[in-house]
Each structure stands twice: as C-alpha cells, then as structure tokens.
Amino acid sequence: MQPVATTFFFYFLSGLTLVAGILVITRRNPVHSALALILALLGQAGLYLMLYAPFVAGVQIILYAGGIMVLFLFVIMLVNIEKSQKEEQFNKQWVVGILAAVALGVLFVLVYTKGKSLFPERVAQLPEQSNTQEIAVMLYGNYMFTFEIASLLLLVAIIGAVVMAKKRI
Amino acid sequence: MTDPTFHLELQEHEKTFLDSNELIINMGPQHPATHGVLRVILKLDGEKVLGTECVIGYLHRGVEKIAEHRTYTMFNPYVDRMDYVAAVSNGLGYCESVEKLLNVEAPPRAKYIRVILAELNRLASHMLWLGTHALDIGAITPLFYTFRDREEILKIFEKYCGARLTTHAFRIGGCLYETYEGFEREVKKFLEFVTPKIGEYEELLTTNRIWVERTKGVGTISAKDCIALGVTGPVLRASGVKWDIRKAQPYAAYADFDFEVPIGQSGDTYDRYIVRMEEMRQSLRIIAQAIDRIPEGPIMARVPKVIKPPVGEIYHSIEAPKGELGYFIVSDGSTQPYRVRVRPPSFVNLQALDLMVRDQLVADVIAVIGTLDIVLGEVDR
Amino acid sequence: MVPITTLHYLVVAAALFVLGVIGVLTRRNVVIVLMSIELILNAVNLNLVAFSRIYGLHGQIFAIFVITDAAAEAAVGLGILIAFFRNKETVNMDEVDLLKW
Amino acid sequence: MLNYIKSYLDSTTTPGQAGNMFWASVYILLIFLGLSVAVIAMNWLERKILAHMQVRLGPMRVGPHGLLQPIADAIKLLIKEDIMPSQADGFVFWVAPIIVVITAFTVFIVVPFGPTHAVTDMNIGVLFMLGVSSLSVLGIVMAGWASNSHYPLMGALRSSAQMVSYEIAMGLAVVSAVLMTSLNQTGTGTLSMIGIVQSQQAQQVWFAFKFFPLGLIAFFVFAVAMVAETNRAPFDLPEAESELTAGFHTEYSGFRWSLFFLAEYSAMIAVSSIAVTLWLGGWLRPFPHLLSGSTWDVVFSLLPGITFLLLGLIALVGVFRMPKHPYFRVQTIGLAGFGVVLGLIGLLLFLPPVRGRIQDIFWFSAKVAFFMYLYIWYRGTFPRYRFDQLMKVGWKVLLPVGIGVLILTAVAGVLL
Amino acid sequence: MPQNYVPIFIFIALIGILIPVTLLAAKLVRPENPSKEKLMPYECGIDPVDYSRGRYTVRYYIVAILFVVFDVETIFLFPWAVKFKALGMFGLIEMLIFLAILIVGYIWIWKKGALEWV
C-alpha cells in the first residue's frame, strides 16, 4: 500500500477535525454541536486510515458516528433544548477553564518539542492488508481478559442506563 | 415588502416532565387517512394515545335545516348527499319515512327493486370500506380490486337511474323507474362475477399474518359500551349483539328473504372485518333471492301530486351499510316538513372512537377510524 | 515539505484534548459537556493509534477498548442526564449539585 | 499520461488498489451514471409492476408505455418551488438530504460488480459498508428535526429507532457470513467484499446454502433486516402515508425531496448488493460446478445478450400492439426505437471480447434485480406493521435468531 | 493516505460538489414566492398547536442504548469471525463466554420489559 498525498490529507483531515472540535464547544444549539462532533469523528476516522489502522477507523464510523452520536441526538431531542438555548452558555469559570486548558496545552507542546527523543522515529511495519486479522489474533490472545471484561462493562452499561432511564421498571 | 416568516405563538405548557410528556398533535382535517375532513386532536405519550377529541363540521352543509325550506319531494335528493357512498340507503330510509307519515305503502315490485338496489349499495359501500381500510393499514392492493368490482355495481346504478353515486333512485311511494331491459340478467351476471372476488379479497387479507396482527385486539369495544353509546351496524354486531333492523323490524321486503346476521365475539377490528365480509356474502344471498322472486306489477303507489302529510311525527329507521339510519320527521300539515332530524350511523359510531383508541398506538387510530367506516358527509350533514 | 511524522499526529491529538478540556470546564449544557468528554476520549484514541505505528498493534486494540468504554460512558452518562432532566427540568451543569434526588 | 492510463488496463485488481486514480474516477462516474439510470428504471418498473399487480396500467401517457415518465417527474421536481418551513433550522435542513444521498451512494465504492469491477477493495469492506449505511440514520434524524414540525420529527424518530434496531440483526447475520469465509486451510477469513465472493468461489458454495439451513436462515434474517433498513413495505412506518403523511420528509419539496427519493432507491440497491455479495455469490454465475465445462461457459456467457434481445423483442411486440391511430405514431416510433436499441445492445453483448467482460456485471445486476422485484412485490402484498410489532420483530425475533444462527454456525464451523 | 482509501474522498468530493451545484442550478429555474401559509409547518391544515421540538418519549432513548451496546458486541464479533477457524475451539469458547454475559443482560432487559414498546 503506497501512501498517496500524505501531507495534503493529513492537513486536510486534521484541520477538519480541529475546526469541527472548535465548533463543538462553541455552538449554542446542541444539535449543531453534535453535527460538528460527527464531522470531527469522521475526520478522525480518516486520520486512522492514514495511520494504517483501518479496523479502528471502521469501528470509529460504526460505533461513534453511527451509534453513540445517534444516542446523543436522541437525548438532545428528548430534553427540551429551547430553554437551555436561551440561557447563558458559558459558566463563570470560563477564565479558569481557558487558563487551565492553555496551561495544559503548553505542557503538551513542551513535552512534544523538548522530549522529541522520547519517541523513536521509526515506523513499525504494520500489515495494513491483514490489519483485522492481526487485531483478532491479539484481541483474543493477549487481551483475552480485557475482552471478557469489556462484556461485563457492557452488561453494567445496559443495566445502568435502563434503570436510570426507565422509571416504571 | 412583507416578511414571509412568521412566528408561532408558543403556549407555555405547565410541566414538561418526561413521563407525562403529553404531545398534542392534529390529525386532520387534511390528512390522508381520516376519510375526509375529520379532525382528530390526539394527545400522545410518544406513540401511545392518551386521548382523542374529534372536531367535526368541516363538511357541514345544514342538510337538516335545508329540509325545512323544501317540499318533501324536493328534499329527497339532498339525503343522497349525506352518506354519498350509500346514497340508495339514504333515499330508501327517507322515502319510507315519508310513506309511513303519509300512510301509503309502496307496491311489492317497488319494494323488491328497493331491496336489490339497497343491497347492491351495501356491497358497494363495504367494498369501498374494505379498500380504504386496507389502504390505511398499508395494504395498497385491495383498494384497486374493490374499486374494480364496485365499478360493476355503479354501472348497474347508472343504467337504472342515470347516476352513479348520488342516485336519487326512489321516490316517495315507490320507484320512478321501471327496471331496464336485461336488469335481472345483468344483476345475475354480476352476482356470478363478484362471488369469487370476495374470496379473492379474503385471500389477500384474512390469514395474512401482518393483517391479523394489525387488527386483532385493536380497537376493542364491548357490547355493553356499544349499546350505551348507541353504536349500531357492523360495529355493534362484531361485539356480539345480534341486532339488525332488517331482521328486527323488517322494512321494505326484507321479511321475505332468508339471510343470516353475522356476529363476532370480541368486538375488535378483525371481527368487524370478518363481519363485514360475511355481510357482503349475505347481501349477495338476498339479491339472488330477490332477483328470482321479483313480482310483476306497478312500481308506484297512489301518491297525491302535492305531498301534504297529516300533522304528526314519525321515526323510521333502516339498516344502512354503516348502521341504523333513522329519520325523525315532524309534519305541521304543510308541504314542507317542520323538522327533519337524521340519525346518521357514522355520527353516532364516531363517538366510540375515543373509547376504542385509548391506550393504543397512533397507528391504531388509523385502523379504528377505518374500521368505524365513517363518511364525513354523514357525520357533518 | 516536512514529512508527516508521528509527532504531527500527537500535536493534533493534544489540540483536540485541550479543546475537550475547555469544553468540559466552560460549557453549562450537560449534553455539550458530555460531547467534550467524547472529544477528550478521541484525542486519547488518536494518540494510541499514532503510537501503534511505533510500538505495534497494542495501541489500536486499546483504542477499540476506549471506544467500547466511550459507548458505555455515553449510555450511562446520558441515562443520568435524563434522570436529572426528569427531576430538575434543566440540562444546566451548575444545577447538578445534589448527589441524590 | 497515456501510459498511466494504460497501466491499469492489464492489472488484475481494482483501480483503487492499483493506485490508478484516473480509472478510479472513471469507475466512480460510471457508478453515478449507472445508479441514476438504475433509479430511473426502478422508478418506472416499480410503478408498472405495482400497477399490473393491481390490475391497472400505471403510467401510459409520457412516452410509449410511460417510459419517459421518470424523466418528466425529474424535470417537474427540478422546477418546483422549494419550500422551507419558517422556523426550520436552515443549515441542517439544507444539509440533511445531502448527507442521506452521500451515505447511500458511498456504499457503492466497495461493491464488487466483478473481480476487478469495483472502485476499490478494502480490508474492511463489509465494516465500511455497514458503517456508512448506518450514517444515513443521522441524515434522517436531522431532516426530521430541522423541519420543526410534528409529523417529520415523529417520522424521523421512528425511522431511526427502526433502522438502529434492525442494524443489530443485520450485523449479526453479516458476521455469520464473514465467519464462513474463514473456513479454509489458513483459517483466516476476510472482510473485503471481493475476498468474500472469492472465498465462495473457493469453497464452491454460495454462503446462503452453506451448512444448510444455517446459511439460509442467516440470509433470511439479513433479507428481513434489509427491508426494514431501507424503510420499505411492510416496514415503511417512518413514511407511512396513512399515519404520518410522509414521515421525515413531509416538509421537503421539489428537488430536495427528490434527493431523499434517490437515496431511498440507491440504498435499496446498496443493501441488495450486500446481500448478493455475502450470500448469493456476487458476480459468480449460477451452477458453476454442476454445469461446468466450456460448453456451459459459452451458454452462460450468451445469456446477457439473450436477455437484452428478449427485452427488445418485448418492446417490439409492444409496437405491434400499439393502437394504429395516428395520434400514437410518435409513441410507436419511439417504442420501436427503444426496442431496436435494446436489441442492438443485445447483439453487442454477443461479441466475444464484450461477452467475457460483461458477464460478471450481468450476473450481479440480475441478482440485484431479483431483490428489487421482491421489494416491489412486498409493497404490493403486505399491510404495514405497527411500531411496537416492528420493534418486537427486530428485538425479540431477529436478534435471538441472529445470535442463535451465529453460534450454531460457529459450532458447525469448528466441528466440521 | 494508503492508496486504496483515496477513492472515498474523490467520491464524497464529487457528490459534495454535484448536489449543491444542481441545487443552485435548480434555483435559477424554479419559482420562488413564499407566503405565510406556504411556509407554515404541515399539521393537516391547522395551525400547529404545540411546540414541535423536544419532549419525545424516553423509549426511543432506550432503543438507542440497546443498539449501541449490541453494536459494540457485533464489532467485537467481526475480528473473531475473520480469524475464526484459526482461533478454533479456544476462540469459540471465549466468544461464547462473551456472548453469554451479554445474553444475560439481554434476558434481563427482556424480563424487565425494556423491550416492550408500550
């Protein structure tokens, strides 16, 4: 698999993701935020494809964009957004929040720039064409217990959510 | 320059708790499935119906008031416009009421013609009901079958009296027209044609799993409620009450014929469907008997030129395709009725809607409106 | 033209993370706060997948588990939100001040 | 440049894998064209077939036997006023139909019309298809929400609830097909669409008939779920015109409405293509082993031409049955011309080089056409489910059956 | 970008250009005279009586939750199905445990009536 126009796609997709991310946290209407989030998720799926992780990209599209976001949209339609739209959108700790976030950002940038030697610049030869198969071998071999615990997590999630949402149970 | 946008005046609803999230939605008057211009205000909880309110009157033409300003003869065509899919029955009821008021009786041949036409009309009405009801539930094909076969009935009407829908077939005191040449033959041919067709409709629906699921247990109404609300016709019979005016108080020539009154047990939509299908078969039986035994003789009784019934009042009812169709006529001795009050079956049956759809789903409202077989012309008059 | 390296992806991930943090800290609408949490999780995922180019497939598998987790989180979080909305008639973050209602 | 174009022609992979973006674009344009023609044809065929099921004629006026009716409709929709309800959310209202169309179309990137006739082949082909088709839920929810009206929102919520419910059953059925691909020497299956068909070829059985009746049950689960996914009768509640007037696209008019229409029909073709690829052997011709040998190969390769000749013949019979009135002269000539064109296409398909290349596409389209006919047949026959019954079928029937079939198939796969 | 994914972008870009262009082109030929009644939301010919966004039943949300959870389950099934024969009996038992835990949840929600619509 030869990569094609990597630079263009990287800047395009990461730009898309970041702009969508900014829209998510600034939109007044939660539905618009959700749509922006979907865009960010899809852009990120593109980034996964670039990173030779097609299976994760597929999972991202099916689960995140097609599953979790539907859940979000349903909930937004369930709660009356009209009222919340008219209210003040940002709380009083926005100064603190932005300061904390900026500090965090500076920290990240420092780590990435100063600690360049932290990450080896080699690229593992990832088998793109048999990505799913390799993942299967690892998921059901090395990560067997994690995988089984994931099912427990899901069980708890079902029970929790249904109990929480269904009053007359 | 006017601003094309406008703003709804939003009503501030008291409480919007999720569990009591009542949603008010209009179904009708311009809705594909309310059989005309019925407006039903639905109070919904998600898909569940919490209550309904019928708003009628979009087709009100003041038929009863018009009667007070027309002579008895002149009013006769107006009644055709009430239940326009069963115009013959309306005319029959009206003519018989006035005849009763006048104390005349139509000659036997006229009575037989009346029975034949009324039963053909019942068939036509039930066919239209079946087609639209099935269409409402999503089966689009029966509609075209039933309309194809109804067409044959309308052809007979057209040949007999020149009109297809609002026939104005009868006059006070009998019939105006003698049967046309080959009437008997054509009716017999029609009977042969339509008998297998009813089986065809049943084949499409009766054992269709989705149809059964959509209709069984939907819109159930008990015999007690039916009687309390005055519901009549197939809806009443499907609840298990054997009440058919053709049997109970025979009018026209119904006493001469041998037929069954089909009844259901549970009073749900499926039973009403079965009852009506069986009624169609019984109608065919009646028509076959009538066509065989139709007597010769005059078709018009001796009725004065100017109809001036004696002072008095009369209530006469017949079994229209949709239920009991009654006329209450008060005469003050003049040429015009003092008051005409119609008891339309659709109007009375529509009352049961709220009872039948409560706690059911939105889709059931459609099924129930369909199964009640209402005609808005008759509801609003 | 600078070749795109793992570091580039990490910077994007960091930016996403910061965006998510800002959202969580400043927005009042609970739904949008939950969405910002999704952004943070996504930033983590991007990091994991980017690292998996260096260290092998482990990162991708972790990303899958994180997505699973996000699904469970969204389900329960939104369930709580609905229970909250049912009682308080608002989706305002500032009013979430009771542990039990 | 010419070399670049030529370099793909003798490769044995899809243009996407060969990295030839020129040919990929050509294929994409061909898919656009083919889909538009298919949707137009489907529109006409549906009305005609449904009409004949219902003892009527269907469109007869525009063009001979109404052949030009879809085009007339398209023009009418294009020049129709586009109404957006006041208080609608403009941007979302605008973007929703586009999303629905994109999701319905994008699926076709990985649909293999033949071993090399796909835009591209992906390692995650099936996953991609499921994922992209699941995104159309978003477009529908957005359309319903943006309209700011009761009926569309109810339709949208119903529609999305229905689609997500049946997606589970669909996914489980797909997994049991994917599972069958791994039953070979290496024990490794594939998610690539082309790989799935090739493993059916290698295992010498269409997956619908593998582990009889397990494959067939999984196929039926998918077949039911796909009707529900595309919101077609008897699962057409979201747009049940007798209840919700038109569901989520009640407020859409003109060209934007036609985008939903386009999306609905291309989604139908898309899910049928998935079903064909996963269970009915994709581009493989029927009975490749029972009726093998070069004679049979030739006979089967003649079938595309014969089909088109027959269609042309039907059109010519129609010409002779046309009324002889001068009023119908133009229509008669048009129908004759149509028949002749079909016949010429048929003759063209007999030529040996074309014959060899067109065969895959022909078999694939024939199988998809069968599903399309089923869709129309369902619509003519079935009443509509009620919403709770629909949910019951999805969650309490198809889901357990899907899991059960999957487990049984897995057990059978391990033991056999 | 690995080359066999690039067509996706070509495809989406093409549709994304074609449809808006057609929409805009249609704007040149179609009439445009809105009026108050024309722009009213459809509610069977009556002025809408209620605000139409929000306050829908919570059951849709439950359906969505169940969908998400079972979708995750399906996603985990895919790699297993791909490597199914190689993983053999061990993988099957592993997957059966995974499914069993979820089936317990499924039965629980069935018993609790979360699958009932009404």
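Residue numbers (the numbering used here), protein chains in the order written: chain X, 14 to 182; chain Y, 2 to 382; chain U, 5 to 105; chain S, 8 to 423; chain G, 64 to 181. No residue lacks a Cβ here, since even glycine has one placed at the ideal position from N, Cα and C. Since this is a predicted model, take the numbers as computed values, not measurements.
Would you say Met-82 of chain X lies against chain S (beta-carbon separation less than 8 Å)? Translated into the one-based positions of the first sequence, residue 82 of chain X becomes position 69. Answer yes: the Cβ-Cβ gap between Met-82 of chain X and chain S drops below 8 Å somewhere.
Does the beta-carbon distance from Ile-42 of chain Y to Val-99 of chain Y come in below 8 Å? Sequence index remark: in the second sequence, residue 42 of chain Y carries index 41 (1-based). Sequence index remark: in the second sequence, residue 99 of chain Y carries index 98 (1-based). Going by C-beta atoms, Ile-42 of chain Y is not nearer than 8 Å to Val-99 of chain Y.
Minimum length 4: unbroken alpha helix (DSSP H) runs contained in the stretch 18–88 of chain U: 34–59
Give the interface partners of Thr-72 of chain U over in chain G, defined as CB-CB distance under 7 Å, in chain order. Here residue 72 of chain U corresponds to residue number 68 of the third sequence, with the count starting at 1. Those within 7 Å of Thr-72 of chain U in chain G are Val-135.
DSSP on Gly-79 of chain G, reduced to helix/strand/coil? For the purposes of this step, residue 79 of chain G is identified with residue 16 of the fifth sequence, where counting begins at 1. Note: Gly-79 of chain G maps to helix in three-state DSSP.
Strictly under 8 Å for the Cβ-Cβ distance: is Ala-49 of chain X near chain G by that measure? As a working mapping, residue 49 of chain X is identified with position 36 in the first sequence. No, because no Cβ of chain G sits closer than 8 Å to the Cβ of Ala-49 of chain X.
Is there at least one Cβ from chain X nearer than 8 Å to Lys-174 of chain G's Cβ? Along the fifth sequence, read from residue 1 onward, the residue named residue 174 of chain G stands at position 111. It does not: the Cβ of Lys-174 of chain G has no partner Cβ on chain X nearer than 8 Å.
Looking at the structure shown, is Leu-309 of chain S part of a helix, part of a strand, or coil, going by DSSP? Here the question's residue 309 of chain S lines up with position 302 in the fourth sequence. Reduced to three states, the DSSP call for Leu-309 of chain S is helix.
Using a Cβ cut-off of 8 Å (strictly closer), state whether Leu-377 of chain Y contacts chain S. As a working note, residue 377 of chain Y is residue 376 in the second sequence. No, its Cβ sits nowhere closer than 8 Å to a Cβ of chain S.
Collapsed DSSP secondary structure at Asn-209 of chain Y in the structure displayed: As a position in the second sequence, residue 209 of chain Y is number 208, starting the count at 1. Of the three classes helix, strand and coil, the one that applies to Asn-209 of chain Y here is coil, per DSSP.
Could you tell me which residues DSSP pairs with Leu-24 of chain Y in its beta bridges? For this step, residue 24 of chain Y is matched to residue 23 along the second sequence. Beta-bridge pairing links Leu-24 of chain Y to Y:Leu-45.
His-72 of chain S burial status per 10 Å Cβ neighbour count (16 or more: buried): Indexing the fourth sequence from 1 puts residue 72 of chain S at position 65. Looking at its Cβ environment, which holds 16 or more other Cβ atoms inside 10 Å, His-72 of chain S is buried.
Rounded to whole angstroms, what's the CA-CA distance from Ile-86 of chain U to Tyr-13 of chain U? Just pull it up for me. Stepping through the third sequence from its first residue, residue 86 of chain U is reached at position 82. Stepping through the third sequence from its first residue, residue 13 of chain U is reached at position 9. Each residue's Cα considered, the two are about 36 Å apart.
Report the rounded CA-to-CA distance for Pro-143 of chain Y versus Glu-193 of chain Y, giving the unit in angstroms. Here residue 143 of chain Y is taken as the residue at index 142 of the second sequence, counted from 1. Here residue 193 of chain Y is taken as the residue at index 192 of the second sequence, counted from 1. In this structure, the CA atom of Pro-143 of chain Y is about 20 Å from the CA atom of Glu-193 of chain Y.
Does Ala-18 of chain X get closer than 8 Å to chain U when you measure Cβ to Cβ? Along the first sequence, one-based indexing puts residue 18 of chain X at 5. No, Ala-18 of chain X lies away from the interface with chain U (no Cβ there is under 8 Å from its Cβ).
Give the residues from the stretch 45–57 of chain U that approach chain X closer than 7 Å (Cβ to any Cβ), ordered along the chain. Asn-46, Leu-50, Val-53, Ala-54, Ser-56, Arg-57
In three-state DSSP terms, what is Arg-40 of chain Y? As a position in the second sequence, residue 40 of chain Y is number 39, starting the count at 1. In the structure shown, Arg-40 of chain Y sits in a strand (DSSP, three-state: E or B).
For Gly-313 of chain Y, the first and last residue of its enclosing beta strand (DSSP E): Counting from 1 along the second sequence, the entry for residue 313 of chain Y is found at position 312. Counting along the chain, the unbroken beta strand (DSSP E) around Gly-313 of chain Y starts and ends at 313–321.
Can a CB atom of chain X be found closer than 8 Å to the CB of Asn-33 of chain U? The residue labelled residue 33 of chain U in the question sits at position 29 within the third sequence. Asn-33 of chain U counts as touching chain X.
Proximity below 8 Å, CB of Ile-89 of chain X to CB of Asp-134 of chain G: Here the question's residue 89 of chain X lines up with position 76 in the first sequence. Here the question's residue 134 of chain G lines up with position 71 in the fifth sequence. No, the Cβ-Cβ distance between Ile-89 of chain X and Asp-134 of chain G is not below 8 Å.
Reference Glu-297 of chain Y; option with closest CA among Y:Lys-309, Y:Phe-158, Y:Lys-112: Taking the first residue of the second sequence as position 1, residue 297 of chain Y is located at position 296. When only C-alpha atoms are compared, the closest one is Y:Lys-112.
Compare the C-alpha of Val-349 of chain Y against each of Y:Ala-368, Y:Arg-342, Y:Gly-324, Y:Ile-157 and name the closest. What you label residue 349 of chain Y is simply residue 348 of the second sequence in a count that begins at 1. When only C-alpha atoms are compared, the closest one is Y:Gly-324.
Between Asp-333 of chain Y and Gln-396 of chain S, what straight-line distance do the alpha-carbon atoms span, to the nearest angstrom? Here residue 333 of chain Y refers to the residue found at position 332 of the second sequence. Here residue 396 of chain S refers to the residue found at position 389 of the fourth sequence. Whole-angstrom Cα-Cα distance: 59 Å.
So, does the stretch 50–69 of chain S touch the stretch 117–129 of chain S, judging by three or more C-beta pairs under 8 Å? no
Give me the Cβ distance between Gln-142 of chain X and Asn-130 of chain S, rounded to the nearest whole Å; I'm assuming they're in contact under 8 Å. As a first step, residue 142 of chain X must be located in the first sequence, where it is residue number 129. As a first step, residue 130 of chain S must be located in the fourth sequence, where it is residue number 123. That pair is a contact at about 6 Å.
Would you mind stating whether Phe-135 of chain S and Leu-42 of chain S have Cβ atoms separated by less than 8 Å? Counting from 1 along the fourth sequence, the entry for residue 135 of chain S is found at position 128. Counting from 1 along the fourth sequence, the entry for residue 42 of chain S is found at position 35. By the CB criterion at 8 Å, Phe-135 of chain S and Leu-42 of chain S fall outside the cutoff.
Other residues of its chain near Leu-415 of chain S: CB distance less than 7 Å, five sequence neighbours each side excluded: The count along the fourth sequence starts at 1 and reaches residue 415 of chain S at position 408. Excluding sequence neighbours, Leu-415 of chain S sits near Leu-221.
Determine which residues of the stretch 53–80 of chain S have a Cβ less than 9 Å from any Cβ of chain Y, and write them out in chain order. Leu-57, Ala-58, Met-60, Gln-61, Val-62, Arg-63
Verify the CB distance criterion: does Glu-100 of chain G have a CB-CB separation below 8 Å to chain S? Here the question's residue 100 of chain G lines up with position 37 in the fifth sequence. So, not an interface residue.
So that I know if they touch, is there some Cβ in chain X lying closer than 8 Å to that of Gly-151 of chain G? Counted from its first residue, the fifth sequence places residue 151 of chain G at position 88. With 8 Å as the cut-off, Gly-151 of chain G does not count as an interface residue toward chain X.
What distance in whole Å lies between the Cβ atoms of Met-379 of chain S and Met-275 of chain S, which are believed to be in contact at a cut-off of 8 Å? Stepping through the fourth sequence from its first residue, residue 275 of chain S is reached at position 268. Stepping through the fourth sequence from its first residue, residue 379 of chain S is reached at position 372. The pair is a contact, with the Cβ atoms about 7 Å apart (cut-off 8 Å).
Check each residue of the stretch 138–157 of chain S: if its Cβ is closer than 8 Å to any Cβ of chain X, include it; give the result in chain order. Of all residues in the stretch 138–157 of chain S, those with a C-beta nearer than 8 Å to a C-beta of chain X are Gly-138, Val-139, Ser-141, Leu-142, Val-144, Leu-145, Val-148, Met-149, Trp-152, reading in chain order.
Quick one, are the C-beta atoms of Ser-189 of chain S and Val-145 of chain G less than 8 Å apart? Sequence index remark: in the fourth sequence, residue 189 of chain S carries index 182 (1-based). Sequence index remark: in the fifth sequence, residue 145 of chain G carries index 82 (1-based). Yes. Within cutoff.
Of all the residues that make up the stretch 68–84 of chain G, which are near chain U by a beta-carbon distance shorter than 9 Å? Going along the stretch 68–84 of chain G in chain order, one finds no residue with a Cβ nearer than 9 Å to chain U.
Taking only three categories from DSSP, how would you classify Gly-163 of chain Y? Translated into positions along the second sequence, residue 163 of chain Y becomes position 162. In this structure, Gly-163 of chain Y counts as coil in the three-state DSSP scheme.
Between Leu-362 of chain Y and chain S, is any beta-carbon pair separated by less than 8 Å? Taking the first residue of the second sequence as 1, we reach residue 362 of chain Y at position 361. Cβ-Cβ to chain S under 8 Å: yes for Leu-362 of chain Y.
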